Amino acid sequence: MAGKDNDSASEIDKTSFFWTGMCGGCHPGGGPGEFDRDGELYYDVATGQFGYEKLGLTAADVVLDGDYAFVSPQTGALMPAAWDKTGVSEPDCYLCHKRDISVANGVVNNAFWRQATLRGMANLVDDLGATVPAFAAAATAGAGWHSTFTLASLPPGSPPTASVLQVNYQIGLDTGELRVNDRGNLVLAGAGIIHRPRDYACWGCHAMADAKKRGREWFDPDKDVHYAAFNPGGEPLTSQACTTCHPADMDHDIGKGNATAGSVRNDTDYAGLRTCRDCHLPGPNKHPRAPAPSGGLHDLANHLEVMSCEFCHIPFKEAPADLVVDNCVTGSSIGYQTDAFLSADPLDPTDPFDDRWYPAFTWKVDKDGVTRLFPIKDLQTAWWGDWDDNGTPDNYADDLIQPLILWRVRQITGGAALPGTTDDNSDGILEVNNEAEILAYITALKGNDSYGNQVAARPVMVKGGKVWYEDASQPSGVNFFELEGTGLRAESHAPFAIDHNVRPAAAALGANGDCGSCHRGLNGGQEVPVFDRKILVDPFDLNGDPVYSTPREMLGINPF
Numbered sequence: 207m208a209g210k211d212n213d214s215a216s217e218i219d220k221t222s223f224f225w226t227g228m229c230g231g232c233h234p235g236g237g238p239g240e241f242d243r244d245g246e247l248y249y250d251v252a253t254g255q256f257g258y259e260k261l262g263l264t265a266a267d268v269v270l271d272g273d274y275a276f277v278s279p280q281t282g283a284l285m286p287a288a289w290d291k292t293g294v295s296e297p298d299c300y301l302c303h304k305r306d307i308s309v310a311n312g313v314v315n316n317a318f319w320r321q322a323t324l325r326g327m328a329n330l331v332d333d334l335g336a337t338v339p340a341f342a343a344a345a346t347a348g349a350g351w352h353s354t355f356t357l358a359s360l361p362p363g364s365p366p367t368a369s370v371l372q373v374n375y376q377i378g379l380d381t382g383e384l385r386v387n388d389r390g391n392l393v394l395a396g397a398g399i400i401h402r403p404r405d406y407a408c409w410g411c412h413a414m415a416d417a418k419k420r421g422r423e424w425f426d427p428d429k430d431v432h433y434a435a436f437n438p439g440g441e442p443l444t445s446q447a448c449t450t451c452h453p454a455d456m457d458h459d460i461g462k463g464n465a466t467a468g469s470v471r472n473d474t475d476y477a478g479l480r481t482c483r484d485c486h487l488p489g490p491n492k493h494p495r496a497p498a499p500s501g502g503l504h505d506l507a508n509h510l511e512v513m514s515c516e517f518c519h520i521p522f523k524e525a526p527a528d529l530v531v532d533n534c535v536t537g538s539s540i541g542y543q544t545d546a547f548l549s550a551d552p553l554d555p556t557d558p559f560d561d562r563w564y565p566a567f568t569w570k571v572d573k574d575g576v577t578r579l580f581p582i583k584d585l586q587t588a589w590w591g592d593w594d595d596n597g598t599p600d601n602y603a604d605d606l607i608q609p610l611i612l613w614r615v616r617q618i619t620g621g622a623a624l625p626g627t628t629d630d631n632s633d634g635i636l637e638v639n640n641e642a643e644i645l646a647y648i649t650a651l652k653g654n655d656s657y658g659n660q661v662a663a664r665p666v667m668v669k670g671g672k673v674w675y676e677d678a679s680q681p682s683g684v685n686f687f688e689l690e691g692t693g694l695r696a697e698s699h700a701p702f703a704i705d706h707n708v709r710p711a712a713a714a715l716g717a718n719g720d721c722g723s724c725h726r727g728l729n730g731g732q733e734v735p736v737f738d739r740k741i742l743v744d745p746f747d748l749n750g751d752p753v754y755s756t757p758r759e760m761l762g763i764n765p766f
């Protein structure tokens, strides 16, 4: 996100206006979609004033303001954020609490309509060509109260974006979701509201995000024991399984766990959340229908104190997830899914069967304060940064690698790979991986953007746990150092926790006494599929080949 105050357009990445339009679809309005960082409405329709005007500022004062500027991600052009055309994104109650949700072919239409409307930004019009305030109208569109909803014709791969929206409140009146109050105003009707959100309300946002991040599947009793248990009728449209474990209070604080990638309100970690241990082990929160763990494995050698429940009960995933995001080649993200690097054989990533994949693991603090092993999908990333060693070349801990804003990288590359970039692994996609390519990009990224500012004084590539930098003392012109152990706060991976698609006891690791899945000593001394499974740590080495590690190596543990 762009900072509030900036000295140059070259410092501005995604502003509040961009975030509301492109990312606000999965946020229920209010907050940063409605108010600037000074607490003012971005634009007040009643007064015709922008928020900055209420503070005595003018448009000239906020040209570089992260709340009131907009930089085109395609061209880098700087322009004012058109809050006066889009309105603001107010709280959308029906995003979660709509009783009758529209679903077609697995797509939650209500979420789709809301998201596409927001993306229309300042270009949305009605049937007569008049401007429709996209941010203000997004909740209305999401509720389905429209007689025309047309998507713009955009290049392949572009997110669905509404171009024409004709609001029709009569639809809401006819369905009973709206009513006219005693002052003649339209208000939400109680008949259209459900207290506990249905699963499809959650899925409208989590389908896209968690499919990419975690390969999550839902609405199939064979894919998750909790969906099956809490939706015994098997009807997806009425299922409320999500809120059984993720209840919310009157302040809309939804029960959440402890994220392994990023952090949001760490003070609320596990607050209200019903964990596996809450429901299945004896205690005040035990669910009356949750079976207690059975079998000797749970008591043997403190397994439950070392491994989370998910460690064994999410032994694999079947839906592909994004495993690599490469921002180095063109300045636009190139994604690779799990099936490009993993297979159904955890010990052999080259196995042709790729209908499932196996998680990595990380240590994480559980709800009871005990640190245990949890499954993750370790997303590998490749990106360009500007390295400042803070005048202490022998101490990495105080260094800063500032990620380069992608529109600036694209201005250098022209949106295409630099000449000489090759496809070393013959997968049909170019990659920046060998020393000559890395040096060519480092040299190019020392150039200027369209505002005359140098893109990077000391460009570096972060990939595969390494930082590649220019080094004239080396024959290749480049060198690298390993990030691990340096104290430098930069990462080439993002560990996304895997907590859903829980399998029953019969399908868990160790079922039927199969200790050889984890312990070499009980597997004839051979490699085991859990701690010796192959985990991708670098998508492309100098030859373009993937590099793998194992949980045994990554975690520093060695079960007998």
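Each residue of the sequence shown is one higher than the one before, counting from 207 in the working numbering.
Note that CB positions come from ideal geometry on N, CA and C, so glycine has one too.
Predicted, not measured: the structure shown is a model, and the values here were computed from it.
In the DSSP assignment, the residues bridged to residue 354 are 372.
DSSP assignment within the segment 497–538 yields the following whole beta strand (DSSP E) runs of 3 residues or more, N-terminal first: 528–532. In terms of Cα proximity to residue 668, the closest of 743, 508 and 506 is 743. If you keep only unbroken alpha helix (DSSP H) runs of at least 4 residues inside the segment 446–501, you get 448–451 and 482–486.
Leaving aside the five residues that flank residue 622 on each side, the residues in its chain whose CB is nearer than 8 Å to its CB run, in chain order, 536. Three or more Cβ pairs drawn from the segment 309–327 and the segment 292–301 lie within less than 8 Å of each other, which places the two stretches in contact. Residue pairing of residue 700 in beta bridges, as defined by DSSP: 585. Shown here, residue 688 sits in a strand according to DSSP, grouped into three states. One alpha carbon belongs to residue 404, the other to residue 446, and they sit about 5 Å apart. The beta carbon of residue 552 sits closer than 6 Å to those of 564, 735 and 739, all from its chain and outside the five residues before and after it, given in chain order. By the criterion of a C-beta distance shorter than 6 Å, residue 654 is surrounded in its chain by 660, once the five residues flanking it on both sides are discounted. For the pair residue 326 and residue 368, the CB atoms are nearer than the 8 Å cut-off. Residue 573 and residue 227 have their C-alpha atoms some 35 Å from each other.
Contact between residue 307 and residue 454 does not hold, since the beta-carbon distance rounds to 18 Å and is not under 8 Å. Around the beta carbon of residue 582, 16 or more other beta carbons lie within 10 angstroms, which makes this residue buried. Within its own chain, the residues whose Cβ lies closer than 7 Å to the Cβ of residue 464, once the five positions on either side in sequence are excluded, are 475, 476, 570 and 571, listed in chain order. The three-state reading of DSSP puts residue 644 in helix, counting H, G and I together.
A check of alpha carbon separations from residue 245 across 252, 251 and 237 identifies 237 as the nearest.
Taking the CA atoms as reference points, residue 267 sits about 39 Å from residue 646. Setting aside the 5 residues that flank it on each side, residue 707 is surrounded in the same chain by 422, 423, 429, 430, 520 and 523, each with a C-beta closer than 7 Å to its C-beta; the list follows chain order.
Proximity to residue 512 across 492, 495 and 568 peaks at 568, based on C-alpha coordinates. In the three-state DSSP reduction, residue 385 falls in the strand class (E or B). Under the 8 Å Cβ criterion, the segment 207–216 counts as touching the segment 262–282, having at least three qualifying pairs. In this structure residue 420 does not touch residue 514 by the C-beta definition: roughly 15 Å separates them, more than the 8 Å allowed.
Burial of residue 437 is indicated by the presence of at least 16 other C-beta atoms within 10 angstroms of its C-beta. When the beta-carbon positions are compared, residue 613 and residue 666 stay at least 8 Å from each other.
Closest in alpha carbon position to residue 338, among 363, 292 and 355, is 292. Within 10 angstroms of the beta-carbon of residue 763 lie fewer than 16 other beta-carbons, which makes it exposed. Taking C-beta separations shorter than 6 Å and ignoring five residues to either side along the sequence, the partners of residue 692 in its chain run 602, following chain order. The beta carbon of residue 372 sits closer than 7 Å to those of 332, 333, 352, 353 and 354, all from its chain and outside the five residues before and after it, given in chain order. Under the three-state reduction of DSSP output, residue 543 falls in the strand class. Exclusion of the five residues before and after residue 365 leaves 325 as the residues of its chain whose Cβ lies within less than 7 Å of its Cβ.
370 is the residue among 359, 290 and 370 whose C-alpha sits nearest the C-alpha of residue 323. Residue 652 sits in coil when the DSSP states are folded into three classes, being neither helix nor strand. Taking 8 Å as the cut-off, the Cβ atoms of residue 637 and residue 719 do not count as close. Residue 702 places its beta carbon less than 8 Å from that of residue 466.
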